[in-house]
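In this note's numbering, the protein residues as written are 1 to 464.
Next comes the structure, spelled out in C-alpha cells:
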C-alpha cells in the first residue's frame, strides 16, 4: 500500500526515511510526536484513506474533503516471490500515480504488511533508501527479524503496544519449528471446522494426524513451545515486564486521549487491572458501573476503545440479545504478568491458576483470528462468545458463517467433563453439529463419536 500527502514540517514532526521496527496494523508510528495509526487492522478502505491525516499533528489536519491519497498495489502481474516486487511497485507508483499528483515533491509512504512474504524485501528497501530521498517505509513482521539489524542506525523505534504474533509464527522464528505448507495441511483442517462443508469428524482427525506426523521428525516439537509462548506472548524482552507495563500506561494515558474524549482515562487502566487480577472471570455490568461510578453506555465505550487499541477484548454469553454479563481478556498475556506481582524471571513463582488463565487468554485471541479467517475476512460483531447453562460451561463459541462451533478446554475439569459440556451445548441448539475439546493432557488428535474433535492444545493454537 502506498500513499502521498503534503510534506509535514521538517523537524520533530518529520517522518524518518527509514522502516520502523515491526509495526503490525493497526500501527502507531511515533517519530517525535507524530502519530500514524490505522484503526481495526486497517482492513477497511476508509481507514487506509485516513492514514495520511494521522501523520501530522492535530492542528495540521485537514477538515474538508481531499484527493485520494492511498493506493492499493494489487496488480495481477506482481508476485511476492519476485525479488523485484517492491522495486516494481515503487516504479509503478512513481511513473503513473505520483507523476500525475498535484504536488510531485510530496513524500511517499510505503506500508508493507507481512513483509516476510516478499522475496528479498530487505535488499529492495535498502536499495530504495539509498537511491531516493522522499520514500519512507513502515513494515510489519510476525516476530522480530534479525534482518532489521542492517537498518539499526536509521530506524525510528516505537514504544507502542504490539499485538503478539501467532503461535505458529513464534514456534518457527524463535524455536525453529518448520512451517508445513498451509495449503496442504492448515487450510484443509480450518475449512473442515465449518459444519456447512459437511466433512465428517473422522476425516478431520486424519488431516490432524497428517499434520502431527509432518512435525514429528522436527528437532523441536510445537508441544514443547507452548509454555514459553504462554508467558512471553512470543515477544522476548530481556529487560523484564516493566517496559510492558509502561507501554500500556503510555497508550492509555497519552495515545488514547489523542483520539477519544474521556473524562477519566484512569477508568481504562482500572479495567485492565481488574481483568489482570481475575482473568477470564465473568463480570456483571451492574458491578462494573458501580465500581467505576458510571453508566453502562460508558462501560461499552471503554470496552470499544480498549479493543480498538488491541489492549483488551470482551466476550458475551451466547444466545442472548441483551447482555447483563461478560468476560474480558487482555490480548497480550504479558499484561497479566506485568499488572500483577508475579516474578517476570522465575516461572515457579507463578501459580497454576495463572497458567490456566493465561492459556485461556491465548486461546481466545487465536480463536478470534480463526473466526476472522473462517468468515472470509468479514467483520463479525461478536465472533467468539461463551456458554454457561445447566451446570455446563463452554469457554468459547465461534460464529462461523452463522453456525456456532463450541470449543471447551480440559485444564480446569478434565477431558470427560469438557466433552460433556460441549455435548450439552450441541444438544441445546439445532445450529451446532460439532465441537472441539482441547487440552495439554490430550496427546493425539482423535474422536470417539461423530460430533467432537479432541485436539492437543498446541494443535488448536497451530491451526489458528
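Virtual Cβ for every residue (Gly too), placed ideally from N, Cα, C.
**OP:** Report, in whole angstroms, the separation of the C-beta atoms of residue 418 and residue 437, which I expect to be a contact under 8 Å.
**Re:** Contact between residue 418 and residue 437 holds: their C-beta atoms lie close to 5 Å from each other, under 8 Å.
Subject >> Nearest-angstrom Cα separation, counted from residue 221 out to residue 275 >> reply: When rounded, the distance between both Cα atoms is 32 Å.
**OP:** Taking residue 542 as the reference, give the member of 278, 302 and 150 with the closest Cα.
**Re:** What is shown of the chain runs 1 to 464, which leaves residue 542 out entirely.
**OP:** Please go through the same chain and pick out, in chain order, the residues whose beta-carbon is closer than 6 Å to the beta-carbon of residue 179, but skip the five residues on each side of it.
**Re:** Within the same chain, 172 come within 6 Å of residue 179 by CB-CB distance, once the 5 residues on both sides are set aside.
Original post:
What runs of the alpha helix (DSSP H), each 4 residues or longer, lie entirely inside the segment 286-327?
Top reply: List check, alpha helix (DSSP H) in window: 296-308.
Original post:
residue 189 lies in the beta strand (DSSP E); which residues open and close that run?
Top reply: Note, residue 189: premise wrong, no beta strand (DSSP E); alpha helix (DSSP H) at 186-192.
**OP:** Using the DSSP secondary-structure output, state which residues sit across from residue 404 in a beta bridge.
**Re:** In the DSSP output, where bridge partners are listed per residue, residue 404 has 399.
**OP:** Let me know the secondary structure DSSP gives residue 146 once reduced to three states.
**Re:** The DSSP-derived three-state label of residue 146 is helix.
Original post:
Just checking my contact of residue 311 with residue 330 at CB under 8 Å: how many whole Å lie between their CB atoms?
Top reply: Contact flag correct, Cβ pair sits at about 7 Å.
**OP:** Could you tell me whether the segment 443-463 touches the segment 374-390, where touching means 3 or more Cβ pairs closer than 8 Å?
**Re:** Verdict: no, contact absent.
Original post:
Considering only C-alpha positions, which residue in the set 140, 368 and 270 is nearest to residue 336?
Top reply: That would be 270, whose Cα lies nearest to the Cα of residue 336.
**OP:** Mind reading off the beta-carbon distance from residue 467 to residue 93? Whole number of angstroms is fine, and I expect it under 8 Å.
**Re:** Coverage of the chain is limited to positions 1 through 464, which leaves residue 467 absent and any answer about it impossible.
Original post:
Is the beta carbon of residue 219 less than 8 Å from the beta carbon of residue 176?
Top reply: Yes.
Subject >> Chain-order list of residues whose beta-carbon lies under 8 Å from that of residue 299 (same chain, five-residue window excluded) >> reply: Cβ-Cβ distances below 8 Å link residue 299 to 285, 288, 289 and 292 in the same chain, with the five nearest sequence neighbours on each side left out; the list follows chain order.
Subject >> Under 8 Å between C-beta atoms of residue 384 and residue 422 >> reply: No; because the gap between Cβ atoms is not below 8 Å, this pair is not in contact.
Original post:
For the 8 Å Cβ check, are there 3 or more pairs between the segment 192-200 and the segment 403-410?
Top reply: At 8 Å Cβ cutoff, the stretches touch.
Original post:
How long is the line joining the alpha carbons of residue 245 and residue 252, rounded to whole angstroms?
Top reply: Linking residue 245 to residue 252 through their CA atoms gives a straight-line distance of about 11 Å.
Original post:
Going by beta carbon distance, what residues of the same chain come within less than 8 Å of residue 415, once the five residues before and after it are set aside?
Top reply: 437, 439, 441, 442 and 454.
**OP:** Could you check if residue 19 is buried or exposed, using at least 16 other CB atoms within 10 Å of its CB as the buried criterion?
**Re:** For residue 19, the pLDDT reaches just 34, beneath the cut-off of 50, and the residue's location in the model is therefore unreliable, leaving the point undetermined.
Subject >> Whole-Å CB distance - residue 317 paired with residue 388, under 8 Å assumed >> reply: The Cβ separation is near 6 Å, so the contact holds.
**OP:** Provide the residue(s) that pair with residue 386 in DSSP beta bridges, ordered along the chain.
**Re:** In DSSP, residue 386 forms a bridge with 317.
Original post:
Considering only C-alpha positions, which residue in the set 224, 107, 264 and 147 is nearest to residue 126?
Top reply: Taking only the C-alpha atoms, the option nearest residue 126 is 147.
**OP:** Determine the extent of the beta strand (DSSP E) in which residue 439 is found, giving its start and end residues.
**Re:** Unbroken beta strand (DSSP E) run through residue 439: 435-439.
Original post:
So which of 434, 357, 445 and 363 has the shortest CA-CA distance to residue 198?
Top reply: Closest option to residue 198, Cα to Cα, is 434.
Subject >> Bridge partners - residue 258, DSSP secondary structure assignment >> reply: Note: residue 258 is not bridge-paired with any residue in the DSSP secondary-structure output.
Original post:
Apart from the five residues just before and just after residue 314, which ones in its own chain have a Cβ nearer than 8 Å to its Cβ?
Top reply: Closer than 8 Å at the Cβ level, and outside the excluded window around residue 314, lie 303, 307, 326, 327, 328 and 329.
**OP:** For residue 243, count neighbouring C-beta atoms within 10 Å of its own C-beta (all shown protein chains included) and say buried if the count is 16 or more, exposed if not.
**Re:** Exposed is the call here.
**OP:** With DSSP collapsed to three states, give me the class of residue 223.
**Re:** DSSP places residue 223 in helix when its eight states are reduced to three.
Subject >> N- and C-terminal bounds of the alpha helix (DSSP H) containing residue 432 >> reply: Note, residue 432: premise wrong, no alpha helix (DSSP H); not H, not E.
Subject >> C-beta atoms of residue 118 and residue 151 nearer than 8 Å >> reply: Not a contact, by the Cβ cut-off of 8 Å.
**OP:** Measure from the alpha carbon of residue 357 to the alpha carbon of each residue in 186, 96 and 231, then state which is nearest.
**Re:** Of 186, 96 and 231, the residue nearest in Cα terms is 231.
Subject >> C-alpha distance - residue 212 paired with residue 368, whole-angstrom precision >> reply: In a straight line, the C-alpha of residue 212 is about 23 Å away from that of residue 368.
Subject >> Reduced DSSP secondary structure (H/G/I, E/B, other) of residue 177 >> reply: Residue 177: coil per DSSP, three-state reduction.
Original post:
First and last residue of the alpha helix (DSSP H) that includes residue 118?
Top reply: Run containing residue 118: none; DSSP gives neither H nor E here.
**OP:** Reducing DSSP to helix, strand and coil, say where residue 76 ends up.
**Re:** Unreliable positioning characterises residue 76 in this predicted model, as indicated by a pLDDT of 48, which lies under 50. A coordinate reading is not provided.
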